[in-house]
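>
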Amino acid sequence: MINPDQRSLLTDALTPPDRYRYECGVATTYSLDLITLLSLPLHLARRDTEDTSPDRPDPLPVLDALRRMGDRLTVFCQRGRLQIPRKSNALLGLLEDMVHETQAPFEGVFHPKVWLLRFVPHDPDDKAPVLLRLLVLTRNITDDRSWDLSLWLEGERGNKLVGTSKPLATFVEWLTRTGSETLGAARREQLDLLALDARHTQWTAPGKFSEVHFHALGIGTKAAQWFPQHASGMPWDQLGVISPFVCANALDELSSRAGELLFLVSRAEELDRCASHGRFSDVRVLSDHATSGDTEDDVVHRQRGLHAKVYIGKRARDTHLFIGSANATGAALVDGRNVEFVVELVGRTSKVGGPSDWVGGNGLGPLLERYVRSASIDEQDVKDERALEQVRDALARAPLALYCEEAEQGWRVVLRGLDGIDWNGAAARAWLVSSDEARAVAIDPRHTNAIQGVLRQGLLIGEFAPQQITSFTAFSLTRGEAALSFALKLPLFGGPEERDLEILRAAIRNRDGFIRYLMLLLGDWTADDGNGQGDGVASGDEPRGSFDDTPLFEMLARAYAREPERLAQIRDLVERLRRPDANGHESEPILTADLMELWSVFESALAEGENQ
Numbered sequence: 001m002i003n004p005d006q007r008s009l010l011t012d013a014l015t016p017p018d019r020y021r022y023e024c025g026v027a028t029t030y031s032l033d034l035i036t037l038l039s040l041p042l043h044l045a046r047r048d049t050e051d052t053s054p055d056r057p058d059p060l061p062v063l064d065a066l067r068r069m070g071d072r073l074t075v076f077c078q079r080g081r082l083q084i085p086r087k088s089n090a091l092l093g094l095l096e097d098m099v100h101e102t103q104a105p106f107e108g109v110f111h112p113k114v115w116l117l118r119f120v121p122h123d124p125d126d127k128a129p130v131l132l133r134l135l136v137l138t139r140n141i142t143d144d145r146s147w148d149l150s151l152w153l154e155g156e157r158g159n160k161l162v163g164t165s166k167p168l169a170t171f172v173e174w175l176t177r178t179g180s181e182t183l184g185a186a187r188r189e190q191l192d193l194l195a196l197d198a199r200h201t202q203w204t205a206p207g208k209f210s211e212v213h214f215h216a217l218g219i220g221t222k223a224a225q226w227f228p229q230h231a232s233g234m235p236w237d238q239l240g241v242i243s244p245f246v247c248a249n250a251l252d253e254l255s256s257r258a259g260e261l262l263f264l265v266s267r268a269e270e271l272d273r274c275a276s277h278g279r280f281s282d283v284r285v286l287s288d289h290a291t292s293g294d295t296e297d298d299v300v301h302r303q304r305g306l307h308a309k310v311y312i313g314k315r316a317r318d319t320h321l322f323i324g325s326a327n328a329t330g331a332a333l334v335d336g337r338n339v340e341f342v343v344e345l346v347g348r349t350s351k352v353g354g355p356s357d358w359v360g361g362n363g364l365g366p367l368l369e370r371y372v373r374s375a376s377i378d379e380q381d382v383k384d385e386r387a388l389e390q391v392r393d394a395l396a397r398a399p400l401a402l403y404c405e406e407a408e409q410g411w412r413v414v415l416r417g418l419d420g421i422d423w424n425g426a427a428a429r430a431w432l433v434s435s436d437e438a439r440a441v442a443i444d445p446r447h448t449n450a451i452q453g454v455l456r457q458g459l460l461i462g463e464f465a466p467q468q469i470t471s472f473t474a475f476s477l478t479r480g481e482a483a484l485s486f487a488l489k490l491p492l493f494g495g496p497e498e499r500d501l502e503i504l505r506a507a508i509r510n511r512d513g514f515i516r517y518l519m520l521l522l523g524d525w526t527a528d529d530g531n532g533q534g535d536g537v538a539s540g541d542e543p544r545g546s547f548d549d550t551p552l553f554e555m556l557a558r559a560y561a562r563e564p565e566r567l568a569q570i571r572d573l574v575e576r577l578r579r580p581d582a583n584g585h586e587s588e589p590i591l592t593a594d595l596m597e598l599w600s601v602f603e604s605a606l607a608e609g610e611n612q
């Protein structure tokens, strides 16, 4: 049974267990907030993030975490559902290889919310088994403040095939195929390894549940209907449904598959849109006090309210709990057009509770109130919203691409592929997510025919510094009172050859920032030594990590004696920073003479050691 007083954080679930380190993983989400994703490798790397701002993560620990973890985490999301960051950040360009937009094969949406992580022992001589962690969520990788559910499973990789784990392995294999055009060889190998591990893993059921079963939906050769049902095919004795999004046809089907329908919990606006709620008579929504939040959390794009999706069925002496991404909608259940992932837990009702317990006094009951149909919906608003969604889908399917060419003060970026778009009477703007929305350029689709030739040649997005060049492109659409904003990851042609180096220079900025970054590479830096500016200055304006008060020589000497490979990483970093920047300038403000004099001692020692 659910207990609303028990809370968990995704960041806790990403932290490696004791004696283990993170090796590789895959995550899936419908919508994706890039700033949220930017901070997650910090937890996989066991970095302290207490003083890191969610909107502007401290760039130096983020750089270090991405250096070590970025090529070992692959994220899939629905194309056209990248959220626009509330604040621009040049570090977002470092996420491009990690993020892969995809689409469902049967004109639905890619909707699963799954993490599969592989952990191996820290000590190579440790004979402990490989540990897999599976997170099945009802929320996306965003900073929303919704009511969600999460399931955390762990298992040890064995030698024998586990039949019940096959659907999970098949799902990961499908991800490899759907991302074949954009995934590099190393990422495909990681996904293949995760799929193989999953086939050999027996998952430990949580709490007092005794069985775990997986359901991967929408990845077969054709769309297939799916409903939470007993393995025997017999109707449920009792059924309760929690789903933020609902459709009348799905509720009717669910109603026909249970003897007693105990409750339906959804969002009021969704229930208002349904002409019928099936045979569900006990229909509830979250109460006002459950959906209200702190003032500082009231951000426009953040979702609130119910977002959990769970089906609780009772048959004979057992309770079956289905948790995952599938809403009670036609696309997810009746038509089977969406890609979804659901986990089924089975346990004795006497041990895990029954459906009625979920809305009782010890469950969600105190957070719920009876649903009362509200006033009629403004049909024009609905029409405008759907029109904008159609434009977003058209842009997601269009052959859009960015083209860069060098300019006097930076790089000129042109967006091509806009011709032929049906704008549905919407006004549109575009910009790079690494820059502020104030620099957005109007596409002016109301006069598409008049500027068709211009659109074929491309729309000038603007001129940008090298570190601001990114394939993540933001779009803003408006029609009437309706507004819709999103981002797309577009093919990028041209531009600086080493964009990541320009981002690195911009993040380090100066000599003190370089020392802080060296501390990260040497493993002796903590996140509360900086204020997120990459300049070694703490929140009280006290210099931290400067050359004079940092035992840098001792740290380098210790690394040389114990782990010389750390110094090899620093040598590579120094060699990269020695190259002229995109404007042909040297990097003296970062690699100052006193630093290079100190470093030359260890650089010579490394060279002598390698020549012996």
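Everything in the sequence shown is counted per the UniProt record's numbering, starting at 1 for the first residue and increasing by one.
Built from N, CA and C at the ideal position, the CB exists for glycine as well.
1) Where do the ends of the beta strand (DSSP E) carrying K351 lie?
2) Could you check what DSSP says for K489 in three-state terms: helix, strand or coil?
3) Can at least three beta-carbon pairs, one atom from the region 26-35 and one from the region 92-110, be found at a separation below 8 Å?
4) Per DSSP, what kind of secondary structure is R177 in: helix, strand or coil?
5) Let me check understanding here. Comparing Cα to Cα, which of N159, S476, L520 lies closest to A65?
6) For E542, which three-state DSSP category applies?
7) With 16 other CB atoms within 10 Å as the buried threshold, where does T201 fall?
8) Note down the Cα distance separating V574 from E608, rounded to an integer number of angstroms.
9) Counting along the chain, where does the alpha helix (DSSP H) carrying D512 start and finish?
10) Can you tell me whether I570 is helix, strand or coil according to DSSP?
11) Specify the secondary structure class of S150 as computed by DSSP and reduced to three states.
12) Quick check: what's the CA-CA separation for C274 versus T329?
13) Answer yes or no: do D148 and L137 have a C-beta to C-beta separation smaller than 8 Å?
14) Report the option in E270, L606, R576, G513 whose CA atom is closest to the CA atom of A559.
15) In the structure shown, what three-state DSSP assignment does H289 receive?
16) Could you give the residue range of the beta strand (DSSP E) that holds L262?
17) Cα separation between I219 and V413?
18) To the nearest angstrom, how far is it from the Cα of D294 to the Cα of S146?
19) Where are the beta strand (DSSP E) runs, 3 residues long or more, that stay fully inside the region 389-418, in chain order?
20) Is there a Cβ of chain D sitting closer than 8 Å to that of P589, yes or no?
21) Identify, in the order they occur along the chain, each residue of the same chain with its Cβ nearer than 7 Å to the Cβ of A561, setting aside the five sequence neighbours on each side.
22) Secondary structure at C247, three-state DSSP: helix, strand or coil?
23) Would L306 be called buried (16 or more neighbouring beta carbons within 10 Å of its own) or exposed?
24) Give the straight-line distance between the Cα atoms of G278 and L254, rounded to the nearest whole angstrom.
25) Return helix, strand or coil for R188, following the three-state DSSP convention.
26) Going by DSSP, which residues form a beta bridge with L306?
27) Taking R579 as the reference, give the member of H213, L504, L388 with the closest Cα.
28) Taking the runs of the alpha helix (DSSP H) that are 4 residues or longer, which of them lie wholly in the region 17-47?
29) To the nearest whole angstrom, what separates the beta carbons of G313 and W236, a pair I think is in contact under 8 Å?
30) Measure the beta-carbon distance from L217 to G336 and round it to whole angstroms, keeping in mind my assumption that it falls under 8 Å.
31) With distances taken Cα to Cα, identify the nearest neighbour of H111 among L286, A428, G80, D97.
32) Determine contact between the region 457-477 and the region 378-397, defined as no fewer than three beta-carbon pairs at a distance below 8 Å.
33) At which residues does the alpha helix (DSSP H) containing E502 begin and terminate?
34) Which residues bound the alpha helix (DSSP H) around L116?
35) By the 10 Å Cβ neighbour count, where 16 or more other Cβ atoms means buried, how is Q457 classified, buried or exposed?
36) Quick check on the DSSP output: the beta strand (DSSP E) that includes G324 runs from which residue to which?
Once the coordinates are examined:
1) Unbroken run through K351 is the alpha helix (DSSP H), 349-352; no beta strand (DSSP E).
2) strand
3) yes
4) helix
5) L520
6) With a pLDDT of only 36 at E542, under 50, the local geometry of the prediction cannot be trusted, and no value is derived from it.
7) buried
8) 18 Å
9) 511-522
10) helix
11) strand
12) 11 Å
13) yes
14) L606
15) helix
16) 258-265
17) 37 Å
18) Below a pLDDT of 50, predicted positions are generally treated as unreliable, and D294, at 46, falls in that range; no measurement from the model is reported.
19) 401-406, 411-416
20) Included in the structure is just one protein chain, with no chain D present.
21) none
22) coil
23) buried
24) 8 Å
25) helix
26) W147
27) L504
28) 34-44
29) 4 Å
30) 6 Å
31) G80
32) yes
33) 499-508
34) Looking at the DSSP string, L116 is not in any alpha helix (DSSP H); the run it does join, the beta strand (DSSP E), is 114-121.
35) exposed
36) 318-324
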